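Asker: Just so you know, the sequences run in chain order A and B. Its first residue numbered 2, the first sequence is counted upward by one per residue in my numbering. Its first residue numbered 2, the second sequence is counted upward by one per residue in my numbering. Beta carbons are placed, not taken as given, at the ideal position from N, Cα and C, and that holds for glycine. Because the structure is a prediction, the values reported are computed rather than measured. Mind looking over this structure? Questions follow.
Protein chains: 2
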Amino acid sequence: MATDELMTRALEMLGDDGPLSVEAIHRLTDLADVPESMTIAEVADLLDISPHTLRYYERAGLVEVARDGNGHRVYDAQAVRRLVFLTRMRLSGMPMRDLQHYISLVDAGQHTTPERLDLLIEHRDTIRRRIRELTLSLTAVEYKIATYGGSTGPDVQSLDTADRTALPYEPPRRAALPAD
Amino acid sequence: MATDELMTRALEMLGDDGPLSVEAIHRLTDLADVPESMTIAEVADLLDISPHTLRYYERAGLVEVARDGNGHRVYDAQAVRRLVFLTRMRLSGMPMRDLQHYISLVDAGQHTTPERLDLLIEHRDTIRRRIRELTLSLTAVEYKIATYGGSTGPDVQSLDTADRTALPYEPPRRAALPAD
DNA sequence: CTATGGCTTCGAGCGCGCTCGAACGCAAAC
DNA sequence: GTTTGCGTTCGAGCGCGCTCGAAGCCATAG
């Protein structure tokens with residue numbers, strides 16, 4: 002129930018533009034079909050990060066990865082799933098520090114689930130705040146775009162410029178607006 | 002018209018939590034009542050950044066600021082308005098580089114408005130992408146929170162855990178979910 | 001048999017955006 | 001007259017998250 006609702010809400014947000022949504026849906030869905038084991042290049046490709054970064058994450062203690070006969074990394078399904086999670090968290094702005102803490106809790110065992118939940122909830126709230134911040138900035142930028150131009154305004158016609166009437170009438174330089 | 006619409010949309014987003022909205026609305030509205038001139042401390046306070054950062058922005062060529070008899074900075078209304086803008090752009094993730102470029106266009110005169118508009122539009126799209134990214138991550142985190150716990154789940158009851166029925170029934174360790 | 005290519009480890013380096021410290025100046029308060 | 005406090009300039013340093021390069025190993029291709 003809640004899940005469907007969440008998914009739906011998220012997918013609704015995508016409607017507008019194309020490029021992102023493809024990888025994005027990928028990220029949401031490919032938890033299902035993770036191969037038995039993968040090479041570093043394959044994982045890097047999957048997560049759209051560099052092998053360097055993958056090695057860096059391992060050095061940072063975020064995942065343990067087995068080696069094959071040649072000493073090459075072999076990522077099992079669990080490691081990949083963890084990396085999907087980690088990548089998502091990084092992408093949404095969780096610091097390495099916190100991720101290291103979280104992982105240490107995971108490795109510490111079942112009894113740490115409450116604390117892990119706290120961390121997740123905290124991060125959720127951080128994301129929400131950030132979205133609100135960005136939405137506000139977006140509004141400001143949209144406003145600026147809409148009221149931009151005055152004398153010169155080639156792209157502006159496509160936007161609603163009617164509300165410039167609310168401003169002091171002064172074609173070349175606006176008065177109540179930032180001078181830029 | 003469009004303005005009201007934008008504002009309304011932005012303000013709608015705030016409803017939930019308190020702390021951010023206060024400063025946020027501030028940022029949107031205080032363009033109106035900017036004093037004649039301000040000290041560095043006052044501006045720093047207004048923008049919620051450090052005097053150090055203000056000096057840094059000046060060194061970076063983003064604003065010119067006059068000095069008084071003692072060599073102290075005197076921010077006039079125009080400088081403050083520009084800094085409000087700059088701070089907003091920084092907050093929404095525009096790199097210093099781009100801001101420097103933008104400001105150089107502003108200082109180059111009226112004929113650069115089309116290019117400035119391009120930059121603004123580009124940044125608007127960047128913000129939109131970022132919001133969609135974050136919304137997706139948010140959904141993932143919310144999903145994880147909702148399906149978390151299993152045996153141990155004190156905070157989980159407050160959330161809808163009904164859809165765990167969609168997962169393989171396995172109390173202590175989940176199967177189809179990331180093992181963390 | 002030698003390339004070529006992809007992997008390994010290790011430590012160093014980098015780009016970004018601040019952030020700070022040192023050494024100093026001026027002015028009002030005690 | 002000294003102390004307190006806020007400002008100045010300048011250059012260096014820092015925290016973050018990668019990112020890269022060197023030197024070497026191994027396997028397959030030509």
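(1) For a minimum of 4 consecutive residues, which ranges assigned as the alpha helix (DSSP H) are wholly contained in the segment 43 to 91 of chain A?
(2) Kindly examine the ligand FMN and report whether one of its heavy atoms sits closer than 7 Å to the Cβ of S93(A).
(3) At the level of alpha carbons, what is the spacing between R131(A) and D69(A)?
(4) On the DSSP bridge list, what partners appear for M39(A)?
(5) Within the chosen definition, does the segment 33 to 47 of chain B reach the segment 76 to 95 of chain B through at least 3 CB pairs nearer than 8 Å?
(6) If you draw a straight line from the C-alpha of L92(B) to the C-alpha of L135(A), how long is it?
(7) Do we get a CB-CB distance below 8 Å when we pair L92(A) with the residues of chain B?
(8) By Cβ distance, which residues of its chain are closer than 6 Å to I104(A), with the 5 residues on each side in sequence left out?
(9) Compare the C-beta of V64(A) against all C-beta atoms of chain B and say whether one is closer than 8 Å.
(10) Could you check whether I146(B) and I122(A) sit closer than 8 Å to each other, using their CB atoms as the reference points?
(11) With distances taken between CB atoms, is the gap from R89(B) to L139(A) smaller than 8 Å?
(12) Name, please, each residue of chain A whose Cβ falls closer than 8 Å to the Cβ of Y149(B).
(13) Under a three-way DSSP split, which group does D119(A) fall into?
(14) By the 7 Å beta-carbon criterion, what residues does the segment 34 to 67 of chain A contribute toward chain B?
(15) According to the neighbour-count rule (16 or more other Cβ atoms, all chains shown, within 10 Å of its Cβ), is E37(B) buried or exposed?
(16) Please check if any C-beta of chain B sits within less than 8 Å of the C-beta of A25(A).
(17) Spatial neighbours of L87(B) within its chain, please: CB distance less than 7 Å, with the 5 preceding and 5 following residues excluded, ordered by chain position.
(18) What did DSSP end up calling D184(A) once you bin it into helix, strand or coil?
(19) Can you tell me whether DSSP reads D108(B) as helix, strand or coil?
(20) Would you mind stating whether R82(A) and V35(A) have Cβ atoms separated by less than 8 Å?
(21) Can the beta-carbon of L137(B) be found less than 8 Å from the beta-carbon of L84(B)?
(22) For G139(A), decide whether its Cβ has a neighbour in chain B, counting only Cβ atoms nearer than 8 Å.
(23) Using only the alpha-carbon positions, how far apart do R133(A) and G72(A) sit?
(24) Would DSSP call D181(A) helix, strand or coil?
(25) So what's S93(B) in DSSP terms, helix, strand or just coil?
Answerer: Result, derived from the coordinates:
(1) Secondary structure remark: continuous alpha helix (DSSP H) runs of at least 4 residues inside the segment 43 to 91 of chain A, in chain order: 52 to 60.
(2) Because no ligand of any kind appears in the structure shown, any question about the ligand FMN cannot be addressed here.
(3) On the first sequence, position 130 is the one that residue 131(A) refers to. On the first sequence, position 68 is the one that residue 69(A) refers to. Taking the straight line joining both Cα atoms gives about 42 Å.
(4) On the first sequence, position 38 is the one that residue 39(A) refers to. DSSP output for M39(A) lists Y76(A) as bridge partner(s).
(5) Flag = yes, the segment 33 to 47 of chain B and the segment 76 to 95 of chain B touch.
(6) In the second sequence, residue 92(B) corresponds to position 91, counting from 1. In the first sequence, residue 135(A) corresponds to position 134, counting from 1. L92(B) and L135(A): Cα-Cα distance of roughly 8 Å.
(7) Counted from its first residue, the first sequence places residue 92(A) at position 91. It does; some Cβ of chain B falls within 8 Å.
(8) Position 103 of the first sequence, counted from the start, is the residue given in the question as residue 104(A). Counting only Cβ-Cβ distances below 6 Å, and skipping sequence neighbours, we find L63.
(9) Here residue 64(A) corresponds to residue number 63 of the first sequence, with the count starting at 1. Judged by the 8 Å Cβ criterion, V64(A) is not in contact with chain B.
(10) Counting from 1 along the first sequence, the entry for residue 122(A) is found at position 121. Counting from 1 along the second sequence, the entry for residue 146(B) is found at position 145. Yes, Cβ-Cβ distance for I122(A) and I146(B) is below 8 Å.
(11) As a working note, residue 89(B) is residue 88 in the second sequence. As a working note, residue 139(A) is residue 138 in the first sequence. Not in contact: R89(B) and L139(A) (Cβ atoms no closer than 8 Å).
(12) In the second sequence, residue 149(B) corresponds to position 148, counting from 1. By Cβ distance, chain A contributes T114, R117, L118 and L121.
(13) By one-based count along the first sequence, residue 119(A) stands at place 118. DSSP places D119(A) in helix when its eight states are reduced to three.
(14) Answer set for the segment 34 to 67 of chain A: empty.
(15) Within the second sequence, the letter at position 36 stands for residue 37(B). Exposure of E37(B) is indicated by the presence of fewer than 16 other C-beta atoms within 10 angstroms of its C-beta.
(16) Here residue 25(A) is taken as the residue at index 24 of the first sequence, counted from 1. The pLDDT assigned to A25(A) is 49, lower than 50, so where the model puts this residue is not dependable; a value taken from the coordinates is nonetheless given after this. Cβ-Cβ to chain B under 8 Å: yes for A25(A).
(17) Here residue 87(B) refers to the residue found at position 86 when the second sequence is read from its first residue. Y58, L63 and L100.
(18) Given that chain A is displayed from residue 2 to residue 181, the structure contains no residue 184(A) and the question cannot be resolved.
(19) Here residue 108(B) refers to the residue found at position 107 of the second sequence. For D108(B), the three-state secondary structure derived from DSSP is helix.
(20) For the purposes of this step, residue 82(A) is taken as residue 81 along the first sequence, with counting starting at 1. For the purposes of this step, residue 35(A) is taken as residue 34 along the first sequence, with counting starting at 1. Yes.
(21) Sequence index remark: in the second sequence, residue 137(B) carries index 136 (1-based). Sequence index remark: in the second sequence, residue 84(B) carries index 83 (1-based). Their beta carbons are not under 8 Å apart, which means L137(B) does not touch L84(B) by this criterion.
(22) The count along the first sequence starts at 1 and reaches residue 139(A) at position 138. One detail in the question is off: residue 139(A) reads as Leu in this sequence, not Gly. True, the Cβ-Cβ gap to chain B drops below 8 Å.
(23) Residue numbering aside, residue 133(A) sits at position 132 when the first sequence is read from its first letter. Residue numbering aside, residue 72(A) sits at position 71 when the first sequence is read from its first letter. Computed Cα separation, rounded: 46 Å.
(24) As a first step, residue 181(A) must be located in the first sequence, where it is residue number 180. DSSP places D181(A) in coil when its eight states are reduced to three.
(25) For the purposes of this step, residue 93(B) is identified with residue 92 of the second sequence, where counting begins at 1. Reduced to three states, the DSSP call for S93(B) is coil.
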